[in-house]
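Same order as they appear, the protein sequences are chains B and H.
Just so it is clear: in the first sequence, position 244 is 268 by our numbering, and no numbers are missing.
Just so it is clear: in the second sequence, position 6 is 10 by our numbering, and no numbers are missing.
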Amino acid sequence: MSLFWAISNQVKEQDCFMAKLIFYLSDFLLILPDVCIRQDVLTRIENIILGIVTSLSKDEAPVLALPNRSSWANVSFDSAIGLQMSSGSSVTTIRSDCALSVAKFAQILKILLVIYRLVQSNSYATKRDIYYNNTQLFGSQKTVDGIVDDISCMLKVPRRSLHVFATSKGLISGDLCYIEEDGTRIDCHSSSAAVAVSSNIDGIRNIVSCAKFVLIVEKDATFQRLLDDDFCTKLSPCIIITGKGVPDVNSRLMVRKLWDTLHIPIFALVDADPHGIEIMCIYKYGSVAMSFEAHSLTVPSVMWLGLLPSDLQRLRVPADALIPLTSTDENKLTSLLKRPYLTSQPDWQKEMELMQQTKVKAEIQSLAAIAPDYLTSIYLPNKLRYGGWV
Amino acid sequence: MLTEIQQVLRLVMILAKQRRRCGLKTAGGLLVLLWTDTGDSVQSLNCTVAAAGPWCRGIQMKALQPDLRDLEEIMLPCAWPCPPPDPEELFAFTDLYGSPKLLLSFQMNARLLRPEWCARLEAFLHTFSVHNAGINIQLRFSLNQQIVQRDFRVKTKSRVALANQPSLILDVTSSTVPPDWVETGRWCVGGHPVLGGRLPLSIPPEAMDQGLFGELSVQPVTLLSPCVLQYPNLLTQLTHIKVLVCSPSNVPVTGPSTFLQNLPAHLDCRELGLHGLRCSSFKDLVHSSGTVYTAEQENCEDSEQEWSPPRAQQRLLLFLFLQHNDPFTCQLSDIMATEVLIERHLEAILNNNRKAVTAALQTELRDTLKVQNHRKKDQEKLRSAAEVILSSSISIVSCSSNMDFRNACLNCMKARDTHELSAALRKSLWRVTSWKFIPKSKCYTTQMEEHPESDELTRAEI
């Protein structure tokens, strides 16, 4: 009843009816495909093991073929999806009879076993749990993180199907309510404290929101500033989310989920520097490393709200708030301009070419040099009102 | 008898070496023929040493006669010249190698011969053949109308280039028989000598007093056998080290050396990855021509396990080639005398350079055994990873509810249950990883062994 009350206070009458229908059917709808997915994962793992046993029966050393997730040669760009892994991509062979690669072979098998048991018992674990269960074998958390993604790519199943969660680092706040898989109700309305992005995005259901747009914020500092200034309720209802820099998979999945569910504009607020632009591109087009899962991670409709290089000139941001580009910045800018997805974004190209010409960059915080509350009182409202995005 | 033959060989080698500086080949034949005059009692034993082939081209007996007369006293102190043997006795040799360029015959009192002189002579000639693998040696005994012939012909040779010296041709033949499951053509029948760092030696005062001057040095060369380079995952275990000392004319230095016998006590065995080295007993050394050390093994934990990885037992041959250079020594007699002095004072020379020689040998052995120690570390990586691979695979098979999958795994390995499957997988994984084969172009395959006369069997090693 309390859930029904929360929904009926937030949506229109027909939306209320739909919300009730979805609420009662969702559990049933989720069960059937979930069982099939789990069985599919188990079968794929069994095929790997059978391959190993077959090799040994023929007195051949078992090998594992991992698609190469770090090569630009293995990705192609589709404007509707973003960066995705090409079919027939090159593979890295992990041999069991070579001292250099046998440790990785063993680590992969161990994690396959963990995943097999999790999927079989329909339970979940975090990547951190896996690492701490055998620190001597894995050596570092980074090793486990990489292998889990490799396995997802090798088995050609989404990461979430492996029942291994990553610890989320992102934060979310605004006009948004939803229910986690374990039944926990999440209300992101609080203006003083943000909510951590869920570790199980796929399990989220009953998303309810009156937000008019979603704002992706690059940095935690900017995100906190928006929270402090009560941005989510001042202008119009919205949702703000940050991945605290380069976003983790869960933050990206959340943005995608909001897009799929709410179909509202997604804006990005990043620093006017190559690093910020690259982070924005990850949300919009995806990354090379996760290109095999582009369909669930990218939001090609993301728009660049600010801070634009042209804003620096237009707003006459004080010169002492501007920072000269380093050689690393210039190299990254050149690299970004060569990326396949930018050819379809002439306005973005213009902004980046302007940055190349002026040879300066600026953080969002530079707007405070104009006025302390310039960002939330003037800059963002004007941008949103008058279509100042590209 | 052995001393006399050694001296004659020294003469032949010095003459041949002088010609090799002109780039002549090192192949040819050497005959050592021993016979007795017909008679009821054997009073004297005759010996003929003949050399023929490209390696001694240019040697002219007539031109050497004056030198040979001068050298009689040095070379044959207990022997005297005798007429050459019946040409028919030489027929088999000359038929193969052509007419001898050098033929020396001498006779000695048979009662002066030391016991087991035959065995010593054979051991010496075998060692000579190891150092000079390009020369095929025939040892023929024609005693009491009985003829016994022994051929020292090297199957696999390797050329080692030296700076400012004629190259060495060493016998690198490996006699180890590979296991049955090693395919034909996948076992290296030779070894790969490694040239070490040349070490200058200072001449002790007592040797100088006797007339030994000039620059003296020792050139180490190491040879591990059998070669398992093509099996990078195969564990190796060093069982013996044999040290062979060679004079500047490439004639083996015979007789035990106290310095070398005591050497293990001064080596850092831990740095070498060994538990210890023990010099073989003197009795064993008598016939062996060289100093042999036995490597002490660690207590094998593998025997406690169900199945332990295979190991290839290896022996290390450490050649010490003495080199001497004195611009004032150019007469043949002087060169011969110098070599005799070097051998006579070898013990004093080694003791005079004890620290340097010990350090140099430590370095050579360490560098040679580095590979073995890397293999141990790699084997440990493979072993610990194999346990994880096997346990993870078996766990998935055991807890799977997919009967088709389980049966497929069991049928593949012809196992009745997961316990048998585990044992079968373990055995197979160890076999495929231990015997992983990567061909190396520098290794000698068994196909090449079918053509022993081919130049291809001689490899150049740097």
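Virtual Cβ for every residue (Gly too), placed ideally from N, Cα, C.
Once the 5 residues before and after residue i are set aside, which same chain residues still bring their CB inside 7 Å of it?
i	result
residue 117/B	87, 89
residue 71/H	336, 337
residue 288/B	235, 236, 237, 238
residue 253/H	14, 17, 18, 21, 343
residue 221/H	202, 203, 204, 205, 327
residue 352/H	208, 210, 211
Under 7 Å between beta-carbons, which chain B residues line up against residue i? List them in chain order, please.
i	result
residue 409/H	70, 74
residue 392/H	130, 133, 134, 161
residue 412/H	74
residue 416/H	77, 78, 81
Identify, in the order they occur along the chain, each residue of the same chain with its Cβ nearer than 6 Å to the Cβ of residue i, setting aside the five sequence neighbours on each side.
i	result
residue 402/B	none
residue 44/H	Because the pLDDT of residue 44/H is 48, which lies under 50, any placement of that residue in the model is unreliable, and the number read from its coordinates should be weighed accordingly. So the list is empty, once near-sequence residues are dropped.
residue 125/H	6
residue 27/B	For residue 27/B, the predicted model reports a pLDDT of 43, less than 50, meaning its position is unreliable and no value from the coordinates is stated.
residue 23/H	62
residue 448/H	160, 192, 193, 194
residue 426/H	398
residue 297/H	245, 268, 281, 283
residue 146/H	39
residue 388/B	246, 295, 331
residue 398/B	391
residue 221/B	192, 194, 196, 274, 275, 278
residue 30/H	59, 138, 173
residue 314/H	438
For residue i, collect the residues of the same chain with a Cβ closer than 8 Å to its Cβ; drop the 5 residues on either side in sequence, then sort them by chain order.
i	result
residue 250/H	135, 256, 257, 323, 324, 325, 326
residue 454/H	Caution is warranted here: a pLDDT of 40 is assigned to residue 454/H, below 50, making its placement in the model unreliable, and no coordinate value can be reported.
residue 151/B	165, 168, 169, 172, 188, 189, 190, 191
residue 237/H	379, 382, 383, 386, 437, 438, 439, 440
residue 370/H	275, 276
residue 420/H	414
Name the DSSP beta bridge partners of residue i, please?
i	result
residue 172/B	BP columns for residue 172/B are empty, so no partner.
residue 197/B	264/B
residue 244/H	298/H, 319/H
residue 325/H	223/H, 250/H
residue 50/H	39/H, 111/H
residue 283/H	297/H
residue 211/B	201/B
residue 229/B	203/B
residue 117/B	89/B
residue 294/B	Residue 294/B is not bridged to any residue.
residue 59/H	None; residue 59/H has no bridge partner.
residue 413/B	None; residue 413/B has no bridge partner.
residue 240/B	265/B, 292/B
Residue i versus chain H: which residues are under 8 Å apart at the beta carbon?
i	result
residue 84/B	436
Can you pull the chain B neighbours of residue i, defined as C-beta to C-beta under 8 Å?
i	result
residue 429/H	77, 80
residue 389/H	120, 126, 127, 129, 130
residue 385/H	123, 126, 127
residue 426/H	The premise fails here: residue 426/H is roughly 11 Å from chain B at the closest Cβ pair, so nothing lies under 8 Å.
residue 432/H	80, 81, 83
At 7 Å on the CB atoms, spell out the chain H contacts of residue i, in chain order.
i	result
residue 140/B	400
residue 137/B	396, 399, 400
Could you tell me whether any Cβ in chain D is nearer than 9 Å to the Cβ of residue i?
i	result
residue 251/H	As a matter of chain content, chain D is missing from the structure shown, whose protein chains are B and H.
Given that residue i touches chain H, what residues does it touch there, using C-beta distances under 9 Å?
i	result
residue 144/B	403, 404, 405
Please determine whether the Cβ atom of residue i lies at a distance below 8 Å from any heavy atom of the ligand NAD.
i	result
residue 211/H	With respect to the ligand NAD, the structure shown offers nothing to examine, as it has no ligands at all.
Contacting positions in the stretch 434 to 451 of chain H - beta carbon closer than 8 Å to chain B: 435, 436, 437, 440
Output the residue ranges of the beta strand (DSSP E) runs that lie fully inside the stretch 119 to 158 of chain H and measure 3 residues or longer, sorted by chain position. 139 to 147, 150 to 156
Which full runs of the alpha helix (DSSP H) of 4+ residues lie inside the stretch 345 to 403 of chain H, going along the chain? 350 to 356, 358 to 403
Going residue by residue through the stretch 322 to 370 of chain B, where are the continuous alpha helix (DSSP H) segments of at least 4 residues, counting only ones entirely within it? 333 to 338, 351 to 361
Could I get the ranges of all uninterrupted beta strand (DSSP E) runs contained in the stretch 167 to 191 of chain H, with 3 residues as the minimum, in chain order? 169 to 175
Between the stretch 231 to 255 of chain H and chain B, which residues of the former have CB atoms less than 9 Å from a CB of the latter, in chain order? 236, 237
Interface residues of the stretch 361 to 385 of chain H facing chain B [CB-CB below 7 Å]: 382, 385
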